[in-house]
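First to last, the sequence lines map onto chains A and B. Numbering of the first sequence is given in the numbering used here, commencing with residue 116 and proceeding in unit increments. Numbering of the second sequence is given in the numbering used here, commencing with residue 2 and proceeding in unit increments. Every residue gets a Cβ at the ideal spot worked out from N, C-alpha and C, and that includes glycine.
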Amino acid sequence: MSEAPESAGANLPPRDSPDAEARQKDERQSGLRSSLDERPEPGSWLPPVRLHRVGEDPDYRFTLANERTFLAWIRTSLALLAGGIAVIKLVPSFSVAWGRHLLGIPLVLISIGVSFWAYGHWFAAERAMRLRQTLPASWLPVMLGGAVGAIGVIALIVSSLGNQ
Amino acid sequence: MSKLSDPGLQGERTHLAWQRTGLAYATVGAGLTHFADGLARWPGWIALFASVVVLLTGAHRYRHALQAVRGERAAAVPTMVLAAACASLTVGIGAAAVLW
């Protein structure tokens with residue numbers, strides 16, 4: 116959002132209306148519609164396709180790095196899912212009857228949350244790079260670390276109570 | 002040959018990242034088809050299908066990245082990223098539904 120003082124706008128040459136320029140910039144940044152866009156693509160109502168209309172292509176290395184980061188999150192999600200399945204289906208039951216589900220259910224739920232979050236984060240990062248903006252920060256890595264640590268502590272406690 | 006064809010091997014690293022993800026899908030798919038019976042295997046089949054799609058996408062991305070290195074367009078593939086995320090989400094929810 117451009118928040119230039121009005122006095123500055125008054126000094127610009129009249130042919131370059133600052134309002135129109137700001138509106139055009141806002142439209143570009145919103146990513147919904149760009150008056151500069153000359154080649155409408157099929158299926159442009161999909162959010163992914165709209166991404167190409169915002170800003171300009173970043174360095175290809177940034178795009179690929181963002182993609183690899185996304186894939187790493189998806190693998191993290193799949194690993195959590197595999198862990199959850201393994202705890203529930205492979206581990207012999209603990210003396211605490213609900214021990215396996217206490218460990219497995221949070222793992223699967225966190226897996227669902229991570230894969231849901233991963234796409235939004237990839238999209239926000241790609242969009243920020245196209246607009247030359249600061250990359251989005253997130254609490255998810257901290258929360259994920261804490262959650263997996265907590266599950267580890269619970270696993271230690273439950274397994275130390277012995278098997279059935 | 003004074004210039005490197007792909008400095009930093011960006012394309013290759015991305016290709017390998019897609020391959021690892023495809024193998025992760027295959028692992029989860031194998032687990033879900035092994036530990037479920039009959040129609041309850043559907044999350045596993047989805048994961049195995051996603052594995053194939055992700056591996057093919059990796060090969061496609063490699064070609065794409067090499068084009069980008071040569072100065073042609075280097076666009077992201079939001080549809081494939083969205084598809085990979087949706088597949089993971091579906092498999093996760095499906096596993097949760099089937100296992101309990």
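When DSSP states are grouped into helix, strand and coil, Phe36(B) belongs to the coil group. Neighbours of Ala66(B) in chain A, taken as residues at a C-beta separation under 8 Å, are given in chain order as Tyr175 and Leu179. Judged by DSSP secondary structure, Val78(B) falls outside any alpha helix (DSSP H); it is assigned neither H nor E. Around Ile203(A), the same chain offers Arg215 and Gly219 as residues with beta carbons nearer than 6 Å, after the five sequence neighbours per side are excluded. The CB of Ser226(A) comes closer than 7 Å to the CB of Gly93 in chain B, given here in chain order. Rounded to the nearest angstrom, the gap between the Cα atoms of Arg176(A) and Ala97(B) is 37 Å.
Chain order gives the chain B residues near Arg183(A) as Arg14, Thr15 and Ala18, where near means a beta carbon separation below 8 Å. For Ser226(A), the enclosing alpha helix (DSSP H) covers residues Gly214 to Arg245. The beta carbon of Ser230(A) sits closer than 7 Å to some beta carbon of chain B. Note on Glu182(A): 16 or more other CB atoms within 10 angstroms of its CB, so buried under the neighbour-count rule.
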